[in-house]
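The sequence shown begins at 31 in the working numbering and counts up by one. Cβ atoms here follow ideal geometry from the backbone N, Cα and C, with glycine treated the same way. Given the structure is predicted, the values throughout are model-derived calculations rather than measurements.
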Amino acid sequence: MQYDRKDSIVATPSDGSIFRRRSLFKAAGLGIAGAAGLPVIAACSDIETGSGSSQETSGFDFLPEYKEWPLPVEPDLIGEPPNHPSGFTTYPEPVPAIENVPSNSGTFEITVPMWGEAPSPSEPYFAAITEACGGTQVNLRQADGMTYAETSVQWLNANEFGDGIMFFSWMTGSNPNFQETVVNTFYDLTDIVKGDISERWPLLAGLPTASWGQSVWSTDPKDPDSARVFGIPGSFSGGPGNAVFARTDLLEADGLAMPTTVEELLEVARAWSDDAGGRWAFGGLDYLTPSWFGLASADGWAYIDGKLVHNCERPEYTEWLEFRRTVWDEKLVHPDIPSGTLDGQALHKAGTILFQLDGISWWQGFVDQAAAEGLTGSIAPLGALSAKGREPLVYVNQSVDSWTFLRKDLSKEQVEEFLDFCNFASAPFGTTEYELLNYGVEGTDFNYGPDGVPVYTASGAKVVQAPVNHKTISGHVQQFITGTPDMVQARFEYNAALKDFAEVNIFEGMRVEGPADFKSAAQVLNDQQNDIAYGRAELSTIPDMVQTFLDNGGEAAREHYTAAYDKLHG
């Protein structure tokens, strides 16, 4: 099925983005050289440094020709993609997606983010992937995901990222001018992937046309004819990428109900928290909670009364910061959360925190890890919450989850071989390739449970279940809800309940990158928000914060985003 969606800035950090926090950099096998800053501009580049850009993402005649890849098995639950994806409540007998496996022997090093302890490259899982894909060895240079977005600027500037690098969509904003970086650093894939690629790469040809359109950047943003394909798109997941999960067993034990409003959430948090006893309602409350107050996602622009208005200019922004300050002052938040180094998932499993803000995959992840570790407990996400009786607003994924970029000095033959691997990695649920990539080697990384669903072993939970590895190098031809039957049914119903509240993307059909001054001002504003949220500054400083933001890049960015909005809407 082809989802003919257009692109914009990603709505929120994509799944796994719970780790969008700062900590000490821990790189596995990565050399860091050079100072942070913009990449050197190639002599032929016409891009003005730091000025921002807008890029249309549809209507191109040089994208891969879409050819539907027939699914081996139809899903059990039929949804309304993309925000209400279909699901499998039973585990099918997997079948091979690729009939004629290529014979390759190349080796690539790809930089990817990693949360937690990086597994050894000698694990059988990695050798099995190399054999199954036809001989291509893709070694992962795994760097600390908590600092990946910011530190990647240094790697790119120093040309220290191996043969390629993967970025989640939400990470690209940390680069002062990602448009420049793309066109001056990465391989131009256009001539290799344009037209009918289905004979060699049928799964890549089955990726939605919109996903390939979102992988286009222009060497000159003012010249439509300079648009080219630079990224290998990840999956388009659709629906909410993040949620606040409650330990439902702990709520039940204390006779507390699942909150349905922000006001109810505060009541539950106050009733459950015990600072002296070492339990707190919350861990992080940053990137998703603005939606509870009706604030816009992404770069924070909403179209109100005939003009673009930034979140920080709206009264709801003050309400949101008042909420965050309240939970801090009343000791409803873990006291060490400002450090950015807490393992929220471990605290959630231990019952130290009641609510965990996390990627949507934590729902199944909690079940899998609890089973592997012999723990008890259950979790479920809060629904579409709002404050003061407003209609809820739900952030949903509005872009492909990620891209993999290759260094520009690779040979054509190397790029084609890597695309062979990506074609392998794009196999969807129901295939042997997907099973290997997502569950590992039977008997070592997983065993089939009584219901036929793969269950991770301790090795599989450590090595294969990592949020990022070979399974995220490129996108699947279609994304499904998968896992244990009860979980699939619950997630299917959850998406159905939230889809009518999905945020409308005012920049649909265009990717807008803000000017460098705007990004810098937004980072300062973010730091000041945290100062208020964690008691280091007073709420009375908000007007000055807002004015500083507008004076140092916000007001100029309004003109930039307005021009993009007007181009889209006339």
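Chain-order list of residues whose beta-carbon lies under 8 Å from that of residue i (same chain, five-residue window excluded)
{"i": "L186", "result": "P69, I195, N205, T211 and T215"}
{"i": "E443", "result": "none"}
{"i": "L286", "result": "V298, A301 and W302"}
{"i": "T278", "result": "M288, S408, I409 and A410"}
{"i": "T487", "result": "A402, T474, D475, F476 and N477"}
Rounded Cβ spacing between residue i and residue j (contact assumed at less than 8 Å)
{"i": "G269", "j": "L387", "result": "At roughly 17 Å, the Cβ-Cβ gap does not stay under 8 Å, so G269 and L387 are not in contact."}
{"i": "T119", "j": "P515", "result": "4 Å"}
{"i": "R437", "j": "D193", "result": "6 Å"}
{"i": "E465", "j": "T166", "result": "Their Cβ separation, rounded to whole angstroms, is 19 Å, which puts E465 and T166 out of contact at 8 Å."}
{"i": "A417", "j": "F323", "result": "6 Å"}
{"i": "L467", "j": "A455", "result": "6 Å"}
{"i": "F198", "j": "D431", "result": "6 Å"}
{"i": "D561", "j": "A552", "result": "With 8 Å as the limit, D561 and A552 do not qualify as a contact, their Cβ atoms being about 15 Å apart."}
{"i": "L351", "j": "H364", "result": "Actually they are not in contact, since the Cβ atoms of L351 and H364 sit about 19 Å apart, beyond 8 Å."}
{"i": "M144", "j": "V498", "result": "6 Å"}
{"i": "L93", "j": "G243", "result": "6 Å"}
With 16 other Cβ atoms within 10 Å as the buried cut-off, status of residue i
{"i": "L528", "result": "buried"}
{"i": "E161", "result": "exposed"}
{"i": "P105", "result": "buried"}
{"i": "T571", "result": "exposed"}
{"i": "I409", "result": "buried"}
{"i": "A376", "result": "exposed"}
{"i": "I262", "result": "buried"}
{"i": "S267", "result": "buried"}
{"i": "S83", "result": "buried"}
{"i": "S133", "result": "exposed"}
{"i": "H599", "result": "exposed"}
{"i": "T344", "result": "Before going on, a small fix: residue 344 reads as Arg here, not Thr. Looking at its Cβ environment, which holds 16 or more other Cβ atoms inside 10 Å, R344 is buried."}
{"i": "Y524", "result": "buried"}
{"i": "P458", "result": "buried"}
{"i": "K252", "result": "exposed"}
{"i": "Y595", "result": "buried"}
{"i": "Q495", "result": "buried"}
{"i": "T249", "result": "buried"}
{"i": "P320", "result": "buried"}
{"i": "S135", "result": "exposed"}
{"i": "A587", "result": "buried"}
{"i": "A127", "result": "buried"}
{"i": "S182", "result": "buried"}
{"i": "A63", "result": "Residue placement at A63 cannot be trusted, given a pLDDT of 25 that sits under 50; the coordinates are not used to answer."}
{"i": "S391", "result": "buried"}
Counterpart residues of residue i in DSSP-defined beta bridges
{"i": "I383", "result": "W310"}
{"i": "W520", "result": "A quick correction: the sequence has Ala, not Trp, at residue 520. Answer is none; A520 lacks a bridge partner."}
{"i": "F141", "result": "According to the sequence shown, residue 141 is Thr rather than Phe. DSSP output for T141 lists R171 and I195 as bridge partner(s)."}
{"i": "M540", "result": "E86"}
{"i": "V125", "result": "T461"}
{"i": "I511", "result": "G117"}
{"i": "F216", "result": "R437"}
{"i": "F225", "result": "A quick correction: the sequence has Gly, not Phe, at residue 225. According to DSSP, which records beta bridges pairwise, G225 is partnered with P94."}
{"i": "L107", "result": "G117"}
{"i": "D304", "result": "R309"}
Residues of its chain near residue i, where Cβ-Cβ distance is below 6 Å and the 5 sequence neighbours each way are ignored
{"i": "R258", "result": "D218 and T220"}
{"i": "E86", "result": "M540"}
{"i": "V131", "result": "G164"}
{"i": "G565", "result": "W358"}
{"i": "N113", "result": "G268, G269, V426, K529 and A532"}
{"i": "R420", "result": "G324"}
{"i": "D226", "result": "E95"}
{"i": "F191", "result": "T141 and W185"}
{"i": "E78", "result": "Because the pLDDT of E78 is 44, which lies under 50, any placement of that residue in the model is unreliable, and the number read from its coordinates should be weighed accordingly. Once the five neighbours on either side are set aside, E78 has no close Cβ partner at all."}
Min CB distance residue i to chain B below 9 Å
{"i": "I536", "result": "The displayed structure is made up of one protein chain only, and chain B is not part of it."}
Cβ-based neighbour list, residue i, same chain, cut-off 7 Å, excluding 5 preceding and 5 following
{"i": "F522", "result": "L107, G109, G117 and I511"}
{"i": "P102", "result": "V125, G460 and T461"}
{"i": "E180", "result": "S204"}
{"i": "A491", "result": "D398, Q399 and A402"}
{"i": "E585", "result": "none"}
* To do: Go through the stretch 419–504 residue by residue and report every complete run of the beta strand (DSSP E) that reaches 3 residues or more, in order.
  => Counting only runs of at least 3 residues, the stretch 419–504 fully encloses the following beta strand (DSSP E) elements, listed from N- to C-terminal order: 432–436, 476–478 and 484–486.
* Completely contained alpha helix (DSSP H) runs for the stretch 149–189, where each covers 4 or more residues -> 154–163 and 178–187
* To do: Report the residue ranges of all beta strand (DSSP E) runs contained in full by the stretch 240–291; include only those spanning at least 3 residues, in chain order.
  => Here the runs fully enclosed are 246–248, 257–259 and 272–277.
* **Contained beta strand (DSSP E) runs [length at least 3] in the stretch 390–422, N- to C-terminal order** => Fully enclosed beta strand (DSSP E) runs of 3 or longer: 409–411.
* Asked: Mind pulling the alpha helix (DSSP H) runs of 4 or more residues that sit fully within the stretch 316–393?
  -> Segments of the alpha helix (DSSP H) lying fully in the stretch 316–393: 345–359 and 374–380.
* Please list the segments of the beta strand (DSSP E) lying wholly inside the stretch 532–585, counting only runs of 3 or more residues, in order along the chain. => 540–543
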